[in-house]
Every structure is written in C-alpha cells, then in structure tokens.
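Down below is the structure, laid out as structure tokens.
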Amino acid sequence: MVPRESRLNVDPIALPARSDPVLRIESLTYAIDDRILLNEVDLQVGAGESVTITGPSGSGKSTLLSCILGLLKPSSGRIVLSGQDLVRLRGRELARIRQRKIGMVFQFGELIPELTPLENVALPALLQRGNRRESYDKAAALLSELGVPSHGRTDRLSGGERQRTGVARALINSPAVILADEPTGALDAKTKDQVADMIFDLPRAYGCAVLVVTHDASVAERANHVVHLDGGVLATVRTPGLGGS
Numbered sequence: 001m002v003p004r005e006s007r008l009n010v011d012p013i014a015l016p017a018r019s020d021p022v023l024r025i026e027s028l029t030y031a032i033d034d035r036i037l038l039n040e041v042d043l044q045v046g047a048g049e050s051v052t053i054t055g056p057s058g059s060g061k062s063t064l065l066s067c068i069l070g071l072l073k074p075s076s077g078r079i080v081l082s083g084q085d086l087v088r089l090r091g092r093e094l095a096r097i098r099q100r101k102i103g104m105v106f107q108f109g110e111l112i113p114e115l116t117p118l119e120n121v122a123l124p125a126l127l128q129r130g131n132r133r134e135s136y137d138k139a140a141a142l143l144s145e146l147g148v149p150s151h152g153r154t155d156r157l158s159g160g161e162r163q164r165t166g167v168a169r170a171l172i173n174s175p176a177v178i179l180a181d182e183p184t185g186a187l188d189a190k191t192k193d194q195v196a197d198m199i200f201d202l203p204r205a206y207g208c209a210v211l212v213v214t215h216d217a218s219v220a221e222r223a224n225h226v227v228h229l230d231g232g233v234l235a236t237v238r239t240p241g242l243g244g245s
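Numbers 1 to 245, taken from full-length UniProt numbering, label the letters of the sequence shown in order.
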C-alpha cells in the first residue's frame, strides 16, 4: 500500500462516502448526567469502504460502537443502517437487525472454547434459524478462505487464527457492516499486520462496510478514511489512500 496522506481539519459531516452510505450517523450525542461522552458526532461509511476511529482512552470510541450495536441508547441523534434508524428500534426488532446486518470482531476473538472453529462460525447463522447444512457449508468455506482449520479445539488456535475465526463468524450472515474493536490489540507485530491486511480487504472481497476502532496508527492508515475522536468530538479526518490495496 502506497500511503497518500493529507491532513485537514474539517467538519465531521464532511467525511465523504464514495457510495451510498450503508451506515450513517447523524448528530449523535450520548451523555451521562452532565458528562457528554459523544458530542454531535456525524459519520458515514459506504459499501465497500473502510473507516478507522482513533483517539485516546476515554475519547468515546467504544461508546460509539456500543451505540451502533444498540447496547447504549443515545441522548439524541440518528444511527441509520441500511435505511433503518436503529435508535428508534426496540427489543426483538433491534436484535434482529443487529444479528442480520452487523458483524462484530472483538480484540480477543471471544470464541466459545467448547465449540470447534466451524461450530463457532456457524452459530450466528443457526441462531437466525438458517438451514443447518447450508450454515455449516458456508462456515467451512469462510474458514477455508481465511486459512483456519475447521475442526479441533478452539483454545489451541494461534492468536491470528482466533482473530480469523472471529472475522469468519462476523461474515457468516453477510452483514452490511463489520465493526471491529481493537482487532489487532492482542497480537504480535507480524500477526497484527496479517490480520489488519485481511480486515481492510473485507470491503473489496465481500462488499461490506468496515468500521474499526484502533489505537495503532499503522493499522489505522490502511483504511480509506481515518477519523480522530477526542473528548467525544470528531476532530480530524485523514484520507491516506485506498484501504485494502
């Protein structure tokens, strides 16, 4: 990847999406009593596009992901995913959209140790009442594409294999957007680069949008756009080049 960096201070709303946004966040504010954790955040991510969110601890990165996932209810604003405002949804309807439209990748994989990699990956599809054979066939295909053995004990996977399994699980329901929270934070340098390259290639390979939270600048620069959060405010935008290239 040949970086082409341009740094500029802009309004958050100025972050461009090169396609119709799959995920659009508008004037999102989240506060606890008089403490504002997110302040009028605007962001959009298009299909086939990647955005990273950087910022110091306590800047609002994880809070933003939690709002998108519906784990926290914003004080105001909108989170529009594939045309539906998640803030207005409740209960089963919100859970259904989250399961079908959002894939999540965690820092430590968060795999179920009692299940094989194949079973871990197939599980979200089975929870959606997918056909059992089709779910396992798709899970096996994803693991093969990402270079992970389907069988064996999950707790014997390497760190990189665990994260690849987590990515395969995130892809199983063909989500519109994949969220990744510090996906390389627990990996050594070589494995970190391999996993980061894989994650930022997902928009090209699978057509989804990808939104990554990371404190690692070398990971962040792989994205199409880099957004910096500080004190809950979207402060800067950097467009280093074409992520995943």
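Virtual Cβ for every residue (Gly too), placed ideally from N, Cα, C.
These numbers were taken from a predicted model, which means no experiment stands behind them.
Annotated three-state conformation of residue 164 is helix, per DSSP.
Cβ-Cβ separation between residue 169 and residue 121: approximately 5 Å, consistent with a contact (criterion under 8 Å). The count of Cβ pairs closer than 8 Å, one atom from the stretch 74-94 and one from the stretch 106-119, stays below three, leaving the stretches out of contact. With the rule of 3 Cβ pairs closer than 8 Å, the stretch 210-223 counts as touching the stretch 53-70. In this chain, residue 91 is not harboured by any beta strand (DSSP E); it is covered by the alpha helix (DSSP H) spanning 91-101.
Distance from the CA of residue 125 to the CA of residue 117, rounded to the nearest whole angstrom, comes to 14 Å. Burial state of residue 59 is buried, judged by a 10 Å Cβ sphere holding 16 or more other Cβ atoms.
Going by C-alpha positions, residue 93 is about 20 Å away from residue 64.
In this structure, DSSP gives residue 128 a state outside helix and strand, which the three-state scheme calls coil.
Judged by DSSP in its simplified three-state form, residue 148 adopts coil rather than helix or strand.
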